[in-house]
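Data block below; observations after.
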Amino acid sequence: EAEVAQSPRYKITEKSQAVAFWCDPISGHATLYWYRQILGQGPELLVQFQDESVVDDSQLPKDRFSAERLKGVDSTLKIQPAELGDSAMYLCASSSDRTGRSTEAFFGQGTRLTVV
Amino acid sequence: AQSVTQPDIHITVSEGASLELRCNYSYGATPYLFWYVQSPGQGLQLLLKYFSGDTLVQGIKGFEAEFKRSQSSFNLRKPSVHWSDAAEYFCARINFGNEKLTFGTGTRLTIIP
Numbered sequence: 240e241a242e243v244a245q246s247p248r249y250k251i252t253e254k255s256q257a258v259a260f261w262c263d264p265i266s267g268h269a270t271l272y273w274y275r276q277i278l279g280q281g282p283e284l285l286v287q288f289q290d291e292s293v294v295d296d297s298q299l300p301k302d303r304f305s306a307e308r309l310k311g312v313d314s315t316l317k318i319q320p321a322e323l324g325d326s327a328m329y330l331c332a333s334s335s336d337r338t339g340r341s342t343e344a345f346f347g348q349g350t351r352l353t354v355v
Numbered sequence: 177a178q179s180v181t182q183p184d185i186h187i188t189v190s191e192g193a194s195l196e197l198r199c200n201y202s203y204g205a206t207p208y209l210f211w212y213v214q215s216p217g218q219g220l221q222l223l224l225k226y227f228s229g230d231t232l233v234q235g236i237k238g239f240e241a242e243f244k245r246s247q248s249s250f251n252l253r254k255p256s257v258h259w260s261d262a263a264e265y266f267c268a269r270i271n272f273g274n275e276k277l278t279f280g281t282g283t284r285l286t287i288i289p
């Protein structure tokens with residue numbers, strides 16, 4: 240069964256260091272999302288791609304976060320420098336919907352980031 | 177603001193008992209509504225969704241949800257829970273205008289023998 244792949248599963252980093260997460264969506268899915276989930280809360284959208292283009296990054300802290308999807312397939316989310324408050328689960332999801340409406344998004348297993 | 181509210185942070189149910197998890201949505205127009213489940217340390221899995229039509233929606237793993245416009249609710253139900261249902265459950269909606277998926281804060285379900 241096709242699934243969204245994320246790596247690494249777990250990452251511990253020191254504050255002020257750089258960290259990167261990788262996501263490979265389900266083959267053929269045009270829309271890719273990055274969500275951040277703080278412990279005890281629901282996921283919050285950070286950035287949405289339609290193919291290689293960013294369609295929504297209004298909640299992405301652009302002073303330290305960046306995201307790219309160069310060939311419209313896999314994607315990388317980077318944090319530089321990491322801060323203690325960035326400790327969270329980072330979830331990637333993909334959807335075949337091209338309208339921008341996330342009607343059925345499939346989620347990866349996430350990357351658990353701990354900043355120390 | 178367009179949102180969903182899950183009033184119960186934590187629910188404990190005996191195995192074999194029935195379950196109902198509450199979800200309320202704000203803003204009058206009928207939104208697209210979803211229920212997702214998340215096992216510890218895992219991603220989210222879609223249980224069911226409501227867009228329009230029949231207000232009783234059947235999902236995977238024996239779950240169902242009923243859309244009630246008069247109560248602005250979309251509660252998740254299961255007639256008999258299994259120990260494997262222990263997880264975090266999230267209600268979510270599509271926001272009109274930006275078409276983005278917005279999640280509630282989740283309800284943690286504990287199953288006791």
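So the protein sequences, as listed, match chains S and U. Quick note on numbering: the first sequence equals residues 240 to 355 in our numbering. Quick note on numbering: the second sequence equals residues 177 to 289 in our numbering. Even glycine gets a Cβ: it sits at the ideal position worked out from N, Cα and C.
Return the first residue and the last residue of the beta strand (DSSP E) that residue i is part of.
i, result
"Phe-266/U", "263 to 270"
"Lys-296/U", "This structure cannot settle anything about residue 296/U, because the visible part of chain U is limited to 177 through 289."
"Ser-266/S", "From DSSP, Ser-266/S is part of no beta strand (DSSP E); its letter is neither H nor E."
"Glu-307/S", "304 to 307"
"Lys-250/S", "249 to 252"
"Ala-244/S", "244 to 246"
"Ile-277/S", "Premise fails: Ile-277/S is in no beta strand (DSSP E) and is neither H nor E."
"Trp-259/U", "It is not in any beta strand (DSSP E) - Trp-259/U carries neither H nor E in the DSSP assignment."
"Lys-225/U", "220 to 226"
"Gln-289/S", "283 to 289"
"Gln-214/U", "208 to 214"
"Asp-295/S", "292 to 295"
Rounding to the nearest angstrom, what Cα-Cα distance links residue i and residue j in this structure?
i, j, result
"Gln-182/U", "Glu-343/S", "21 Å"
"Leu-252/U", "Thr-278/U", "17 Å"
"Glu-253/S", "Thr-231/U", "49 Å"
"Thr-206/U", "Ile-251/S", "42 Å"
"Pro-247/S", "Val-312/S", "18 Å"
"Gln-221/U", "Gln-319/S", "30 Å"
"Pro-282/S", "Pro-289/U", "30 Å"
"Ala-193/U", "Leu-285/U", "13 Å"
"Val-355/S", "Met-328/S", "15 Å"
"Ala-249/S", "Ser-246/U", "Before going on, a small fix: residue 249/S reads as Tyr here, not Ala. Going by the C-alpha atoms only, they are around 44 Å apart."
"Ala-263/U", "Phe-346/S", "16 Å"
"Gln-276/S", "Gln-178/U", "19 Å"
"Glu-307/S", "Gln-214/U", "26 Å"
"Ser-292/S", "Leu-284/S", "16 Å"
"Gly-217/U", "Leu-330/S", "11 Å"
"Ser-335/S", "Pro-300/S", "26 Å"
Determine the DSSP secondary structure at residue i, reduced to helix, strand or coil.
i, result
"Gln-182/U", "coil"
"Asp-325/S", "helix"
"Ser-249/U", "strand"
"Ser-314/S", "strand"
"Val-355/S", "coil"
"Ser-255/S", "coil"
"Lys-244/U", "strand"
"Leu-299/S", "coil"
"Thr-283/U", "strand"
Can you name, in chain order, every residue of its own chain whose Cβ lies under 6 Å from the Cβ of residue i, other than the five neighbours on each side?
i, result
"Gln-287/S", "Tyr-272, Val-294, Asp-295"
"Lys-310/S", "none"
"Lys-317/S", "Ala-259, Ser-305"
"Phe-210/U", "Lys-225, Ala-268"
"Pro-264/S", "Val-243, Leu-271, Ser-333"
"Glu-196/U", "Asn-251, Arg-253"
Going by DSSP, name the residue or residues bridged to residue i.
i, result
"Ser-333/S", "Leu-271/S, Phe-345/S"
"Lys-276/U", "In DSSP, Lys-276/U forms no bridge with anything."
"Arg-198/U", "Its beta-bridge partners do not exist; DSSP assigns none."
"Ser-190/U", "Ile-288/U"
"Phe-350/S", "Contrary to the premise, residue 350/S reads as Thr rather than Phe in this sequence. Beta-bridge pairing links Thr-350/S to Tyr-329/S."
Whose C-beta lies closer than 8 Å to the C-beta of residue i among residues of the same chain, with five residues either side of it excluded?
i, result
"Val-233/U", "Leu-224, Lys-225, Tyr-226, Glu-240, Ala-241, Glu-242, Phe-243"
"Ser-202/U", "Ala-177, Gln-178, Ser-179, Val-180, Thr-181, Ser-248"
"Lys-276/U", "Ile-270"
"Gly-349/S", "Gln-245, Arg-248, Gln-276, Met-328, Tyr-329, Leu-330, Cys-331"
Looking only at its own chain, which residues have a Cβ that is under 7 Å from the Cβ of residue i, when we skip the five neighbours before and after it?
i, result
"Gly-282/U", "Gln-182, Glu-264, Tyr-265, Phe-266"
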